[in-house]
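Quick note on numbering: the sequence shown equals residues 6 to 200 in the numbering used here. A quick write-up on the structure given underneath.
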Amino acid sequence: ACSDDPAEPMNARQRDAFAAAAQRYPGVIRSFANSGGVFLGPDYGFDALRPGICLYGGGPQGRPDSRIRAVATLEAEVLQVREVPAGETVGYSRGFRATGPTRIATCAAGYADGLLRAYSPAGQVFVAGALRPIVGRVSMDVCAIDIGGLEVAVGDRVELYGANRLLDDAAAAAGTISYELLTSITPRVPRRYVG
């Protein structure tokens with residue numbers, strides 16, 4: 006229950022209690038370690054592992070881990086690029102006000118797709134080789150991105166999370182965990198399985 010904190014003494018206590026209980030059932034496959042437990046060391050492995058979020062690129066302590074590769078990617082298409090003049094606003098309730106001329110890309114991802122409203126205004130996406138901020142409120146079907154001076158065109162792809170915008174970083178920006186991001190993806194988002 007504490008494997009997200011490797012220094013927590015409860016980890017060893019629980020492992021030892023599990024090992025003692027498992028001795029009463031010889032020949033039964035023993036499974037103790039979840040994603041966090043996998044990285045606590047070989048004493049936590051027993052016979053079978055349950056790596057869970059690590060299989061999808063989430064770190065065991067809810068933060069990026071160099072031992073894990075991103076395997077889940079959520080992308081959206083750029084629907085529109087326009088310049089917003091200084092003083093104009095973007096999004097419901099005028100959630101963003103441009104302090105100067107600002108290039109905004111509208112992307113086809115919103116909370117009905119699984120892009121959490123909590124990203125308003127702290128989220129970032131990866132587009133045209135750079136991380137750029139989500140501005141205004143995430144809407145049901147779209148979000149707005151401040152693309153600065155980047156070369157971005159209608160039809161370009163925006164990475165909401167993946168190899169360039171790590172799942173755990175995206176979750177932290179929304180004040181949640183990577184599990185919530187993955188389980189929030191709705192059925193209307195097309196899936197593509199590779200490999």
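Note that the Cβ used here is the ideal one computed from N, Cα and C, for glycine as well.
- The beta carbons of E156 and A133 sit closer together than 8 Å.
- Secondary structure at L120: coil, using DSSP grouped into helix, strand and coil.
- Where L84 is concerned, the enclosing beta strand (DSSP E) starts and stops at 79 to 89.
- In this structure, the alpha-carbon of S125 lies about 6 Å from that of G141.
- Here Y116 is buried. Its C-beta has 16 or more other C-beta atoms within 10 Å.
- For the options A6, P11, R197, the alpha carbon positioned closest to that of A22 is the one of A6.
- Minimum Cα-Cα distance from L171 among the listed residues R193, V159, A135 corresponds to A135.
- By the C-beta density criterion, I152 is buried, having at least 16 other C-beta atoms within 10 angstroms.
- Shown here for F131: same chain residues with a beta carbon closer than 6 Å to its own, the five before and five after excluded, namely E164, N169, R170 in chain order.
- In this structure, T111 and L79 do not form a Cβ contact; the two beta carbons are roughly 17 Å apart against a cut-off of 8 Å.
- Apart from the 5 residues on each side of it in sequence, M145 sits with its Cβ closer than 7 Å to the Cβ of G115, Y116, A117 in its chain, given in chain order.
- Of the candidates D48, Y30, V199, Y61, the residue whose Cα lies closest to the Cα of Y184 is Y61.
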